[in-house]
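Chains as they are written, first to last, in this note's numbering: chain A, 1 to 303; chain B, 1001 to 1303.
This is the structure:
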């Protein structure tokens, strides 16, 4: 049996549909907020639909962006890929960052992407990772177990490999802590055969489809919990670490800034508010101290 | 007449004394807040005194840091300077960032520094620049005129040259705007003669001494002005641009992060709170629109 060769336009359509499914799912989950859409065109080819929900019942800021850009490879990018300047490319993806209002609810990030260029080079990339304000081992176990299930449907090698990659990628070197509890991350996933290509595509899509149900479970577990001012302050501090990661290390953000991407779509990931507290030291034995201690690569499925 | 050769220890002492003068001056200006000091040691040599004033009458967060670090040049730094790894160096400086509570008052930054290494290479560096929340042309004129006076006492070439350098340095490329209204900035100021070295030292010191009186005038002009919630919100947005500059572009910050500097001293420059508003568009003809339009290199002394 020959694997179907999913075309570029089918991949683009899949990603667009995923954005629709996800924004509908998140609106239902929030129960009140609605996404506002900005359509934009890229001068040198392609464009996108950036959707933002602000000040909902649960989500203070939720961004779900679809884009499909094309044209000749920007010079800086071509150089990094050892490709001749001007090589034609297509890049498409869906990117999500959600900042809930309540410190009892975790920040989440998901991204799936596909890249191809003249000459036949192509790859898939993506990932999903969770940044709880307060670490909750049961939630961490649930999150990783669900993601592992998705991975295992395609290859039992995926979860361990991409989980490790995620821990390494979302590491805030100067704080000596991970951004959150990780998840999976993969990039430049090339294929040696049509079958493998189809598997990589379906895996990437499955991750996108798993996003809403997994996040909904975590939200519903904790959405009605009251919280204190101290917890709110800790959320604002944890968000500033999120800002630090994104502006200092995140390749997607830095790539966007360097290549003059649509600034409002790049900065969509920023929290609505972040606080920096000089020399913050959590109280010994507190949930804040526990969280900061646990922000390191951990096997959440063990035991 | 032979120029005095100011020794390393005299430079260090000058900078330490400047920190004392500046923190006393700022406490007097604030009228209520007091600096808290953290002394720290660097594992490989030297250390510093980081002083922070929080939640004063005028200043929400003011940081004034002195440091004098020494030892063998870190590998990455040595490579960048074409120096053999392990070359001995001394670096000393005073760094200031102040975030007032009121949006009627400008953020200010000042830094003076001296670097020398085995073999005789040495230089001075520094600068002072202002980031108003709301642009006020009279204040901008005053600020630049005062700085120019300091510069002109040493060389009439300094102000135009270092003003331009400042505009180029404090540019937020991805926003296509300057961080504020600039000031002066200079780096790697080497000397061809003992006289020139003494001049560069005295100029650097003079800039440090001019800091408090210039800033005090700006604070006193506006400290009693009431402000609105809309102005406060604009301040929080302008502060997020400050964060973006510091984390994405500032060489001092990035150098500190890459060389594993004392994180709390590096992050001293961060505002206590910053907000990101998706796709903020100022009202046409508003003071916010005026400010954003004016955030580009401008000759404030003209006319």
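In this text, a Cβ means the ideal position worked out from N, Cα and C, and glycines have one as well.
All of these numbers come straight from a predicted model, not from anything done at the bench.
Distance between residue 99(A) and residue 57(A) (C-alpha atoms, nearest Å): 12 Å
With 16 other Cβ atoms within 10 Å as the buried cut-off, status of residue 1120(B): exposed
Given residue 90(A) as reference, the closest of 150(A), 104(A), 67(A) once Cα atoms are compared: 67(A)
Assigned exposure category for residue 109(A) - 16 Cβ within 10 Å defines buried: buried
Residue 1042(B) and residue 1069(B) closer than 8 Å at C-beta: yes
Contact with chain B by residue 162(A), beta-carbon distance below 8 Å: no
Beta carbon of residue 165(A) nearer than 8 Å to that of residue 143(A): no
Option in 1265(B), 1023(B), 1249(B) with minimal Cα separation from residue 1040(B): 1265(B)
Any chain A beta carbon closer than 8 Å to residue 1068(B): no
6 Å CB neighbourhood of residue 1047(B) in its chain, flanking five on each side removed: 1040, 1041
Boundaries of the beta strand (DSSP E) in which residue 1276(B) is found, first to last residue: Residue 1276(B) -> no beta strand (DSSP E), and no H or E assigned at all.
8 Å Cβ cutoff, residue 192(A) in contact with chain B: no
Partners in chain A for residue 1276(B), counting only beta-carbon separations shorter than 7 Å: 267, 270, 271, 272
Rounded straight-line distance, which links the Cα of residue 183(A) to that of residue 1096(B): 39 Å
CB contact check: residue 1055(B) to chain A, cutoff 8 Å: no
Contacting residues, own chain, Cβ-Cβ under 7 Å from residue 235(A) (five flanking each side not counted): 103, 133
Check whether residue 54(A) and residue 1278(B) have beta carbons under 8 Å apart: yes
Cβ-based neighbour list, residue 23(A), same chain, cut-off 6 Å, excluding 5 preceding and 5 following: 35, 51, 64
C-beta neighbour in chain A for residue 1292(B), strict 8 Å: no
First through last residue of the beta strand (DSSP E) which encompasses residue 1187(B): 1182 to 1189
Burial state of residue 1082(B), where buried means 16 or more other Cβ atoms lie within 10 Å: exposed
Beta-carbon contacts of residue 78(A) that lie in its chain and below 7 Å, excluding the five residues immediately before and after: 84, 85, 87
Contacting positions in the region 158 to 182 of chain A - beta carbon closer than 8 Å to chain B: 173, 174, 175
Cα-Cα separation, residue 1152(B) to residue 1302(B): 17 Å
Backbone CA spacing between residue 1255(B) and residue 245(A) [nearest angstrom]: 16 Å
Residue 275(A), buried or exposed, once every other Cβ within 10 Å from all chains shown has been counted against 16: buried
Residue 1007(B) to residue 1187(B) span [Cα, whole Å]: 20 Å
Continuous alpha helix (DSSP H) assignments of at least 4 residues falling wholly in the region 30 to 94 of chain A: 75 to 80
Alpha-carbon to alpha-carbon, residue 137(A) and residue 126(A): 24 Å
In DSSP terms, what residue 110(A) is bridged to: 96(A), 128(A)
Test item: CB-CB of residue 150(A) and residue 207(A) under 8 Å: yes
4-residue-minimum alpha helix (DSSP H) runs that sit fully inside the region 1184 to 1256 of chain B, ordered along the chain: 1194 to 1222, 1229 to 1248
Separation of residue 117(A) from residue 1271(B), as counted between CA atoms: 42 Å
Proximity winner among 15(A), 73(A), 129(A), 9(A), relative to residue 214(A) (alpha-carbon distances): 129(A)
Proximity to residue 1074(B) [Cα-Cα], best of 1261(B), 1222(B), 1289(B): 1261(B)
When 113(A), 282(A), 94(A), 162(A) are compared against residue 297(A), the one with the closest alpha-carbon: 162(A)
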